[in-house]
Amino acid sequence: PLLAGACAHVPRIFSSHARVAHPRSAPRLRICRQSAKGRIARSSAVFETMMRWLSLLLLAFWAPGTRGFALRRSLQPRTRHVSRVQVQMKAAGGDWRGDCPPPFYLGEERDACGVGFIAQESGDASNSILAKALEALDCMEHRGGCLADERSGDGAGVMTSVPWKLLRDYVPEEDVAHAGVGMFFLPQDQEQAAKIKEVVTDLFQRNHLEVLGWRDVPVQPDVVGPESHANMPHVAQLVVKSEETGKALERQLYLVRRRIEPELRESALPGFETVYVCSLSGRTIVYKGMLRSQSLKLFYDDLRDPQYETSFAVYHRRFSTNTSPKWRLAQPMRMLGHNGEINT
């Protein structure tokens, strides 16, 4: 209302100013004054309309109890939570340097998910690449969303080379070229997970892949928030061996993965709809979840293991817009990580 009232006085100010002129030029000034009045009236009407819409937008985004207010609150950095995570990390014996305050122009950039890539030019694998990727991911917390419990994130994850040193109990060094690893989200119920493993194992064996074993991925459920914990899957890795190598092996694993969902649907086993394959490859592996940036390394023990070596890393912090946060929707995906609404 204040802006609208101010706009109403604009024509009066300009018209009163136009009346100060020499009497002999009155007819000409009257024509100019009338046209000026029309232009001023039209301009003030447009300006008034713009100000009304701007007021509504500001009200929708700033007023408590609105979706815009909740969104704005979710974008604010959670420094109190970060300090709690820092305490947890120090208690776990990890090397965490705390908050990473980015430059102002980066800290204020929150228009989309955060995604990054780091690689060793020589192609040599090392643990330092993973450490740098996780540190960079910590500095992108402001790019992600967080639920109301302030601990369940919209999603965070990394894609790396397969850390074969962690899998020496399953794959000898001489068989690495013929091996592949799948990262699975399974039901938390042990009986349901066991039956699903049997179906998946049988499928791989029928497609000429030797199953070397299932590995339960060590995790720390206490670091995730209540909402994330309520939907948390059981994380397991399937290690397989083939006669193929290289691209032929990747093609074989891809075709089998495409058969997993139809196979489980046909079996109609309880809990089959919760099964998700994060990755299945002889080259790459994905560690992700409905987590915050700082929680990813705390949740997966493998990511704190010095034997985890990789030549590259794609890291991602998700901001969920048109979909509700879920474990399977965290990124990176099996082949990429993106920071826009690629589906719309």
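FYI, the working numbering numbers position 79 of the sequence shown as 66, with every residue one higher than the one before it.
Glycine is no exception: its CB is placed at the ideal position from the N, C-alpha and C atoms.
Please read all numbers here as calculations on a predicted model, not as lab measurements.
When the five nearest sequence neighbours on each side are left out, the beta carbons in the same chain lying within less than 7 angstroms of the beta carbon of M277 are those of S139, G140, G142, S215, N218, P312, K313, W314 and A317, in order along the chain. With three or more CB-CB distances shorter than 8 angstroms, the region 164 to 181 counts as touching the region 257 to 267. For the pair Y287 and A123, the CB atoms are not nearer than the 8 angstroms cut-off. Nearest to E296 by alpha-carbon distance, out of I116, G101, F34 and E160, is I116.
Around the Cβ of D125, a 10 Å sphere holds 16 or more other Cβ atoms; the residue is buried.
Counting other Cβ atoms within 10 Å of its Cβ, V33 stays below 16 and is therefore classed as exposed.
Cβ atoms of I105 and V187 stay farther apart than 8 angstroms, at about 33 angstroms. Each of S148, W40 and G144 was checked against the Cα of T271, and the nearest Cα belongs to S148.
Cβ-Cβ distances below 6 angstroms link A99 to N326 and G327 in the same chain, with the five nearest sequence neighbours on each side left out; the list follows chain order.
For G233, the enclosing alpha helix (DSSP H) covers residues G233 to S254. In this structure, the straight-line span from the alpha carbon of R291 to that of P220 is close to 21 angstroms. With a cut-off of 8 angstroms on Cβ pairs, the region 198 to 208 is in contact with the region 153 to 162, counting three or more such pairs. Straight across, the Cα-Cα distance linking V145 with T36 is about 48 angstroms. Nearest to S298 by C-alpha distance, out of G103, S254 and S109, is S109. For A106, there is no enclosing alpha helix (DSSP H); the residue is found in the beta strand (DSSP E) stretching over G101 to A106. Relative to the Cα of S307, the nearest Cα in the group G101, A181 and L242 belongs to G101.
In the three-state DSSP reduction, K228 falls in the strand class (E or B).
With fewer than 16 other CB atoms across the displayed protein chains lying within 10 angstroms of its CB, P205 is exposed. DSSP, read as helix, strand or coil, puts H325 in coil.
Here D136 is near G212, since their CB atoms are less than 8 angstroms apart. Rounded to whole angstroms, K184 and H129 show a C-alpha spacing of 38 angstroms. Comparing alpha carbon positions, the residue from G258, L45, L225 and L121 closest to L240 is L225. DSSP links Y302 through a beta bridge to G103 and V145.
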